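Numbering (this note's numbering), first residue to last: -16 to 106. For every residue, glycine included, the Cβ atom is placed at its ideal position computed from N, Cα and C. Keep in mind it's a predicted model, so treat the numbers as computed, not measured. Everything on this sheet refers to the single structure shown next.
This is the structure in structure tokens:
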């Protein structure tokens, strides 16, 4: 019998992923829109114990490796900054247009921090 994988204290576990057609539609139809710079977000408060995230990057943004890199950077920023959230939300993060400048972890981190501060009412 295999033992369960140990959880990382600041990991990105499956329970943080927003999935399911009805949950995603609810966020996009009734959620609040935030322009963060490179990223845009739709947010909806939830009664769950943890925030859930969906990351979407359109095919027009670039090649598959470029899109995957952007999604990895967003997941890493969420992993590093989610301790700042005071209330749980369902959050859909998306990139509506191709970036004009290089996408860096520092830039994504700053946008995620801005979003979390807006959600908590500190900004």
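Nearest candidate by alpha-carbon position, reference residue i, set the options
i           : options           : result
residue 4   : 53, 75, 51 and 85 : 75
residue 37  : 54, 43, 47 and 50 : 54
residue 35  : 62, 47 and 82     : 62
residue -2  : 22, 9, 31 and 56  : 31
residue 184 : 104, 58 and 77    : With the chain covering -16 to 106 only, the question about residue 184 has no answer from this structure.
residue 67  : 21, 97, 51 and 57 : 97
residue 84  : 22, 10, 17 and 9  : 22
residue 92  : 20, 41, 39 and 48 : 20
residue 52  : 2, 8 and 88       : 88
Paired residues, beta bridge with residue i - DSSP
i          : result
residue 39 : 77
residue 23 : 18 and 77
residue 28 : 72
residue 0  : 36
Integer Cβ distance of residue i from residue j, believed to fall under 8 Å
i           : j          : result
residue 14  : residue 29 : Not confirmed; about 10 Å, so no contact.
residue 45  : residue 81 : 7 Å
residue 103 : residue 69 : 5 Å
residue 101 : residue 16 : The Cβ separation is near 11 Å, so there is no contact.
Element boundaries [alpha helix (DSSP H), containing residue i]
i          : result
residue 90 : 88 to 103
residue 7  : 4 to 13
residue 64 : 47 to 64
Distance cut-off 8 Å: residue i Cβ against heavy atoms of the ligand SAH
i          : result
residue 73 : The ligand content of the structure shown is nil, which means the ligand SAH is not present either.
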